[in-house]
Structure formats: structure tokens, C-alpha cells
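To start, the structure itself, in C-alpha cells.
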Amino acid sequence: MTEKNKILVEATPHFIEAQSSPDDGRYVFAYTITITNVGIVPAKLLNRHWLITDSNGKVQEVRGEGVIGEQPYLKPGESFRYTSGAMLETPVGTMQGQYTMISDEGVNFNAAIPKFTLSIPRTLH
Numbered sequence: 001m002t003e004k005n006k007i008l009v010e011a012t013p014h015f016i017e018a019q020s021s022p023d024d025g026r027y028v029f030a031y032t033i034t035i036t037n038v039g040i041v042p043a044k045l046l047n048r049h050w051l052i053t054d055s056n057g058k059v060q061e062v063r064g065e066g067v068i069g070e071q072p073y074l075k076p077g078e079s080f081r082y083t084s085g086a087m088l089e090t091p092v093g094t095m096q097g098q099y100t101m102i103s104d105e106g107v108n109f110n111a112a113i114p115k116f117t118l119s120i121p122r123t124l125h
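If you read the sequence shown in UniProt numbering, its first letter stands for residue 1, the second for the next number, and so on.
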């Protein structure tokens with residue numbers, strides 16, 4: 001059985017060496033997110049909630065309306081892709097969270113953002 005309200009979230013992170021300064025404890029990462037409506041009802045992204053954790057255990061919590069200034073509306077089968085960034089004090093960390101969505105039927109639901117790793121190249125094997 002297909003779920004009415006189902007959103008798939010995929011992330012691809014990249015280290016941004018040119019903006020990073022390891023000597024100053026600044027590691028900059030970009031991540032590209034693809035949000036796909038795999039349900040059967042159109043839905044709009046309302047809010048985001050991120051937990052960004054560095055390897056020292058420091059957690060940054062980010063909440064806000066939409067993503068990159070937009071609240072994408074996705075019909076079944078449609079995707080929305082955007083790129084954003086995060087800065088850590090360590091060369092390795094993780095991000096995870098959720099998007100709050102509202103379906104055309106007026107149902108609010110959460111779309112999980114699976115945990116993904118931010119790491120500079122050759123840090124993790």
C-alpha cells in the first residue's frame with residue numbers, strides 16, 4: 001500500500017576547502033538536498049529543523065521557515081533540489097533533522113532527513 005504523505009530526502013555533502021581554515025577550527029561544508037514526493041498527495045514544505053553535531057559533541061540546532069528562502073510545493077513524483085552549507089569546528093560531523101510538510105488535504109506531517117556525515121576528504125575510510 002502506498003502512503004499518502006511520504007517524502008524521501010537524500011543528501012550529498014562536500015567539503016569546501018577554499019572557505020575552511022583548519023588552523024582556526026573552521027571547516028566549511030556544502031550539502032545538496034533532494035526532496036522527492038513519493039506519496040500520492042501533493043505537499044508543501046513549511047519548516048526545517050536541523051541538528052548539526054561536530055566530533056566534539058557540540059550540537060547546533062537550526063529551525064526556520066522553508067529552505068533557502070523557499071517553501072517548495074511538490075506534486076507526487078516531483079523533486080526539489082537545493083544546496084546550502086554548514087560550518088563546524090572539527091573536520092568531521094553529522095547532520096540530521098526533519099522537514100514539516102502540509103499535504104493538500106491539510107495534514108501536517110514530518111519528513112525525516114536521515115543522518116549524513118560531513119568530513120574532509122581522507123579523514124574517514
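Here a beta-carbon is modelled for each residue, glycine too, at the ideal position from N, C-alpha and C.
No experiment lies behind these values; they were computed from the predicted model shown.
| Check | Outcome |
| --- | --- |
| Out of ALA11, GLU17, PHE80, PHE29, which has the shortest C-alpha to C-alpha gap to MET87? | PHE29 |
| Mark ASN5 as exposed unless 16 or more other C-beta atoms lie within 10 angstroms of its C-beta, in which case mark it buried. | buried |
| Within 10 Å of its beta-carbon, does ASP54 have 16 or more other beta-carbons around it, so buried, or fewer, so exposed? | buried |
| One question on the structure: do SER84 and ILE68 come within less than 9 Å of each other, judged by their Cβ atoms? | yes |
| Where DSSP assigns a beta bridge to SER21, which residues make up the other side? | ARG26 |
| Please report the distance separating the alpha-carbon of GLN19 from that of GLY93. | 17 Å |
| State the DSSP-derived secondary structure class of GLU105, mapped to helix, strand or coil. | coil |
| Quick check on residue 127: does DSSP put it in helix, strand or coil? | A question about residue 127 goes unanswered here, because the residues of the chain that appear run from 1 up to 125. |
| Is DSSP giving LYS6 helix, strand or coil here? | coil |
| Classify SER55 as helix, strand or coil using the three-state DSSP reduction. | coil |
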